[in-house]
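Colleague:
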Amino acid sequence: MTAGGRMLRAMPVVVGALALAPLSAAAQQDFSQVEIRTEQVADGLYVLFGAGGNIGLSVGDDGAFLVDDQFAPLTGKILAAVAEVTDQPVRWVLNTHWHGDHTGGNENLGREGALIVAHENVYRRLNPAEFANLVGRSQQVAPEGLPVVTFNDRVSFHWNGEDIRVNHMPNAHTDGDALVFFTNANAVHMGDTFFNGRYPFIDVDSGGNVGGVIAIADFTLANTTADSRIIPGHGEITDQTSLRAYRDMLTTVRERVSGMIDDGMTEDEVVAAAPTADLDATWGENPEGFVRGVYVSLTGS
Numbered sequence: 028m029t030a031g032g033r034m035l036r037a038m039p040v041v042v043g044a045l046a047l048a049p050l051s052a053a054a055q056q057d058f059s060q061v062e063i064r065t066e067q068v069a070d071g072l073y074v075l076f077g078a079g080g081n082i083g084l085s086v087g088d089d090g091a092f093l094v095d096d097q098f099a100p101l102t103g104k105i106l107a108a109v110a111e112v113t114d115q116p117v118r119w120v121l122n123t124h125w126h127g128d129h130t131g132g133n134e135n136l137g138r139e140g141a142l143i144v145a146h147e148n149v150y151r152r153l154n155p156a157e158f159a160n161l162v163g164r165s166q167q168v169a170p171e172g173l174p175v176v177t178f179n180d181r182v183s184f185h186w187n188g189e190d191i192r193v194n195h196m197p198n199a200h201t202d203g204d205a206l207v208f209f210t211n212a213n214a215v216h217m218g219d220t221f222f223n224g225r226y227p228f229i230d231v232d233s234g235g236n237v238g239g240v241i242a243i244a245d246f247t248l249a250n251t252t253a254d255s256r257i258i259p260g261h262g263e264i265t266d267q268t269s270l271r272a273y274r275d276m277l278t279t280v281r282e283r284v285s286g287m288i289d290d291g292m293t294e295d296e297v298v299a300a301a302p303t304a305d306l307d308a309t310w311g312e313n314p315e316g317f318v319r320g321v322y323v324s325l326t327g328s
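Just so we're aligned: 34 in the working numbering is position 7 of the sequence shown, and the numbers increase by one with no gaps anywhere.
Following this line, the structure appears as structure tokens:
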């Protein structure tokens, strides 16, 4: 089947997914005006920007390999963007974590024949049968949207002439985060462990912790070069310079909040003290939520 044929088949699937999906923020948003923008990172490697997390795309004779898939209503547009750079179908979807702006297209692409891969904790958070064993929230998707391959510490793909090496880094943005290294392309997709130019969202309810986010930044810096292309979960493609600035900001805020905790300040008192005030002009988005995430990371409550 041609890529165009696959795209046409995907459109009714999107409608069906919306009809069956539980009420959610995604189901209530208007995606009709969203455009998918494609940027080439290296030979055979692209990033698709739309609404939600940035999508990595490896193409070649073996078939398309996606890193994340945004929201369900965008699947048709995403497949159309894929078809602009390859006539091969989507064979794999790797989820960097469980949040809906990165996994919302799983059901559609799973029904189209893609194999979904994720860390074991992503499977547990997406799977209603496992939800009773979790503390926290669950996306609870249909069976077609669940990973069919899971991993614990790491997994590798030898695909499209590329060595794709995936590392799990515990308790960072969530408890199921994956770093995806495209070795030959000298690039890495960091998922939501990296928000380029913005304060991150630390999902403490899903096992997230500011210490883990810092550890991932350090790990990535140690395993890339000045020439590496770094793909964040949100924001533009960048390099070590931006990631290092992000890491330094995280470390600074953690130290400030830790000192306030040592002084006996409550969460609300720390927020009121505005420990990010001199940083907000640069990193600005939702400083209160970020500070609360750091506080809970450090206190466990």
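Virtual Cβ for every residue (Gly too), placed ideally from N, Cα, C. Just so we're clear, the structure is a prediction, and the values are computed from it rather than from any experiment.
Where does Asn-194 sit, in a helix, a strand or coil, going by DSSP?
Modeller: Strand, per DSSP.
Colleague: The beta strand (DSSP E) spanning Phe-76 covers which residue range?
Modeller: 72-76 is the span of the beta strand (DSSP E), which, as asked, contains Phe-76.
Colleague: Check this for me: beta carbons of Asn-223 and Ser-269, under 7 Å apart or not?
Modeller: yes
Colleague: Name the DSSP beta bridge partners of His-185, please?
Modeller: Asp-190
Colleague: Rounded to the nearest angstrom, what separates Gly-320 and Ala-199 at their Cα positions?
Modeller: If you take the alpha carbons of Gly-320 and Ala-199, they lie about 11 Å apart.
Colleague: State the beta-bridge partners of Glu-66 as determined by DSSP.
Modeller: Here Glu-66 is bridged, per DSSP, to Val-74.
Colleague: Decide if Ser-233 is buried, meaning its Cβ has at least 16 other Cβ atoms within 10 Å, or exposed.
Modeller: Around the beta carbon of Ser-233, a 10 Å sphere encloses 16 or more other beta carbons of the protein chains shown; the residue is thus reported as buried.
Colleague: Output yes or no for whether 7 Å exceeds the beta carbon distance between Glu-134 and Val-168.
Modeller: yes
Colleague: Based on Cα-Cα distance, which residue from Ala-301, Glu-294, Leu-93 and Ala-272 lies nearest to Ile-241?
Modeller: Ala-272
Colleague: Taking only runs that begin and end inside the stretch 104-149, name each unbroken alpha helix (DSSP H) of 4 or more residues, in chain order.
Modeller: Counting only runs that start and end inside the stretch 104-149, the alpha helix (DSSP H) elements of at least 4 residues fall at 127-130 and 133-138.
Colleague: Between Ala-78 and Leu-106, how many whole angstroms is the CB-CB distance? I'm expecting something under 8 Å.
Modeller: Going by Cβ atoms, the distance from Ala-78 to Leu-106 rounds to 15 Å, so no, they are not a contact pair.
Colleague: Which residue wins for smallest C-alpha separation from Phe-98, given the options Asp-230, Asp-180, Glu-171 and Gly-132?
Modeller: Gly-132
Colleague: Taking three-plus beta-carbon pairs below 8 Å as touching, is the stretch 242-259 in contact with the stretch 280-288?
Modeller: By the C-beta criterion, the stretch 242-259 is judged not to be in contact with the stretch 280-288, since fewer than 3 inter-stretch pairs fall below 8 Å.
Colleague: Taking the straight line between their C-alpha atoms, what separation do you get for Arg-151 and Gln-60?
Modeller: 33 Å
Colleague: Please report the straight-line C-alpha distance between Asp-305 and Gly-137, rounded to a whole angstrom.
Modeller: 46 Å
Colleague: Less than 7 Å between the C-beta atoms of Gly-203 and His-146, yes or no?
Modeller: yes
Colleague: Just the Cα atoms here: how many angstroms apart are Gly-330 and Val-323?
Modeller: For residue 330 there is no data in the structure shown, the boundaries of the chain being 28 and 328.
Colleague: Could you check whether Val-207 and Val-193 sit closer than 7 Å to each other, using their CB atoms as the reference points?
Modeller: yes
Colleague: Which of the three DSSP states is assigned to Ala-299 in this structure?
Modeller: helix
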